[in-house]
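Enquirer: Numbering (the working numbering), first residue to last: 85 to 325. Below you'll find the structure I mean.
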Amino acid sequence: MAETIYTIPVNESFSAAPEHNPAECPFCLMKKALNNNEIERILGAAMMEPDVRIETNKLGFCKNHLNEMASKDKKLPFALILESHLAEKKKEIFDSSKLFDSQGNKQEKKLSSLRESCYVCTRIEYSFSKMVSNMFWLWETDDEFKVKFQNQKYFCLPHYEMIIKSGREQLNKKSFSEFYKQAETIEKKYIEELGNDVSWFCKKFDYRYDSEPWYNAKDSVSRSVTFLSGGINDKSKDFKI
Ligand SMILES: [Zn+2]
Ligand SMILES: [Zn+2]
């Protein structure tokens, strides 16, 4: 059963996309909103909560999120997180004689296990998977939402892959084939348009096309990158429901 607390953010992401110019993948919009909330939360009041600190010390942070937190104007909260985190890492990696061998094998193993998790990514993935379930529930039960879905400009390729996979798992065969047809129609139309825009972009480098207008080609290169790779920090390839 979908958790209805996610209905509003899901609806917002699907409503926002057509008004954006250029439009964005609604799932990337969800991820961005989740990401911003998490960063704000972790550098805000949550930073002082002991149970949050235990979790952040345990899971650590990925490179992207460390850099993102460092770029914010929250130097003291971030430094306090680092102070505790460094102390914990020192304890885990260096303070136990059990982790020492003359060839460094044990430390290497420990370091690689620590590298695999991120507190922020874990929380985002958890909420995101709930939102995706909610999206399928809305698509099945809410006709207005179904129209919104069909009006999407595109889904980035990683999220297109994700909705095929999780849609097949969450919808019955008949519903899924309808859903898949709708999603595929959107995607096919967009990749054709995008391809034409990039071709026009290339043509504009030829002096014979100097006086021609750009049409939609000007931002077609950056739109292609977003379409092909999805949003920043996107881990939808590892995403599981
Ligand atoms: Zn996306
Ligand atoms: Zn992360």
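All residues carry an ideal CB built from backbone N, CA and C; glycine is no exception.
How far does the alpha helix (DSSP H) with Tyr143 in it reach, from first residue to last?
Expert: The displayed chain sequence assigns Leu, not Tyr, to residue 143. Element bounds for Leu143: Pro134 to Leu143.
Enquirer: Under 8 Å, do Trp223 and Lys230 count as touching if we go by C-beta distance?
Expert: Yes, the pair counts as a contact, with Cβ atoms nearer than the cut-off.
Enquirer: Taking buried to mean at least 16 other C-beta atoms within 10 Å of its own C-beta, is Asp281 buried or exposed?
Expert: buried
Enquirer: Just to confirm, are Leu278 and Ser304 a CB contact at a threshold of 8 Å?
Expert: yes
Enquirer: What residue range does the alpha helix (DSSP H) around Ala117 cover?
Expert: Start and end: Pro110 to Ile126.
Enquirer: Taking C-beta to C-beta, are Met114 and Ser99 nearer than 8 Å?
Expert: no
Enquirer: So, helix, strand or coil for Trp284, using DSSP?
Expert: helix
Enquirer: Which residue marks the beginning of the alpha helix (DSSP H) containing Ser250, and which one marks its end?
Expert: Counting along the chain, the alpha helix (DSSP H) containing Ser250 begins and ends at Leu241 to Gln254.
Enquirer: Using the Cα positions of Met246 and Leu255, report the straight-line distance between them to the nearest angstrom.
Expert: 14 Å
Enquirer: Under DSSP, the alpha helix (DSSP H) around Ser213 begins and ends at which residues?
Expert: Tyr203 to Thr225
Enquirer: Ligand 2 heavy atoms versus the CB of His243: any closer than 7 Å?
Expert: no
Enquirer: For the candidate residues Ile275, Tyr244 and Asn300, whose alpha-carbon lies nearest to that of Phe337?
Expert: The chain is shown only over 85 to 325; residue 337 falls outside these bounds and no answer can be derived.
Enquirer: Which residues in the same chain as Ser259 place their Cβ atom closer than 8 Å to its Cβ, once the five residues preceding and following it in sequence are excluded?
Expert: Glu224
Enquirer: Would Val216 pass as a contact of Ser261 if the rule is Cβ separation under 8 Å?
Expert: no
Enquirer: Does DSSP put Phe233 in a helix, in a strand, or in coil?
Expert: helix
Enquirer: Could you pull out every residue in the same chain whose Cβ sits closer than 8 Å to the Cβ of Glu122, ignoring the five residues on either side in sequence?
Expert: Val204, Arg207 and Ile208
Enquirer: For the pair the region 232-240 and the region 264-276, tell me if three or more CB-CB distances fall below 8 Å.
Expert: yes
Enquirer: Please classify Arg307 as buried or exposed, where buried requires at least 16 neighbouring CB atoms within 10 angstroms.
Expert: buried
Enquirer: Could you give the distance in angstroms between the alpha-carbon of Pro242 and the alpha-carbon of Ile248?
Expert: 10 Å
Enquirer: Return yes when at least one heavy atom of ligand 2 lies under 7 Å from the C-beta of Asn141, else no.
Expert: Asn141 Cβ: outside cutoff for every heavy atom of ligand 2.
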